[in-house]
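74 is the number that the UniProt record's numbering gives to position 74 of the sequence shown; each next residue is one higher, with no gaps. Structure, as structure tokens:
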Amino acid sequence: MIEPTESEDITEIDRFIAALRSIAREIRAIESGEISIEQSPLRNAPHTVETLLSDNWSKPYSRQDAALPMGSEIGMERRGKYWPTVGRVDGAHGDRNLVCACEPIESLAIN
């Protein structure tokens, strides 16, 4: 359930609804076989500027769809777009292969 009256204005609610509709369209495209789930825009999101500007673009969807999945008419548009500096992180791999970057306990001891 969404409670729009407490914290979000109608513009933000409209943006949220547009995002859900966009995801539903992508699901239908996957179900119909038009695109594979592994190559879907949502599965490969977020798209970094480096990825979008690279000469090596092998995705089955456009850079425009990757950069602005809901188009430039909804929400913040291009001028307010947040550009992530990293792509998707494989959290499960990190959970299974933990690498501690902490200092040794001895170095934190108070003498």
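The beta carbon of each residue, even a glycine, is placed where N, CA and C say it ideally should be. Everything numeric in this text was worked out from a predicted model, so none of it was measured.
message: Mapping the DSSP letters down to three states, classify Met42 as helix, strand or coil.
response: One-based indexing of the sequence shown puts residue 42 at position 42. One detail in the question is off: residue 42 reads as Leu in this sequence, not Met. Correct three-state label for Leu42: helix.
message: I'd like the list of long-range same chain contacts for Ile23, defined as Cβ closer than 7 Å, with 5 residues on each side in sequence excluded.
response: By 1-based counting over the sequence shown, the position of residue 23 is 23. Leu42.
query: For Ile110, which of helix, strand or coil comes out of DSSP?
result: Working through the sequence shown from its first residue, we reach residue 110 at position 110. The answer is coil: DSSP assigns Ile110 none of H, G, I, E or B.
- request: For Glu34, count neighbouring C-beta atoms within 10 Å of its own C-beta (all shown protein chains included) and say buried if the count is 16 or more, exposed if not.
  value: As a first step, residue 34 is located in the sequence shown; it is residue number 34 there, counting from the start. The residue is exposed, with fewer than 16 neighbouring Cβ atoms inside 10 Å.
message: Considering only their Cβ atoms, is the gap separating Ala66 from Leu53 smaller than 9 Å?
response: As a first step, residue 53 is located in the sequence shown; it is residue number 53 there, counting from the start. As a first step, residue 66 is located in the sequence shown; it is residue number 66 there, counting from the start. The Cβ-Cβ distance between Leu53 and Ala66 does not fall below 9 Å.
- prompt: Hey, how far is the Cα of Arg21 from the Cα of Thr85?
  reply: Along the sequence shown, one-based indexing puts residue 21 at 21. Along the sequence shown, one-based indexing puts residue 85 at 85. About 26 Å.
- prompt: Could you give the distance in angstroms between the alpha-carbon of residue 138 and the alpha-carbon of Asp9?
  reply: In the structure as shown, the chain begins at 1 and stops at 111. Residue 138 is therefore absent and cannot be evaluated.
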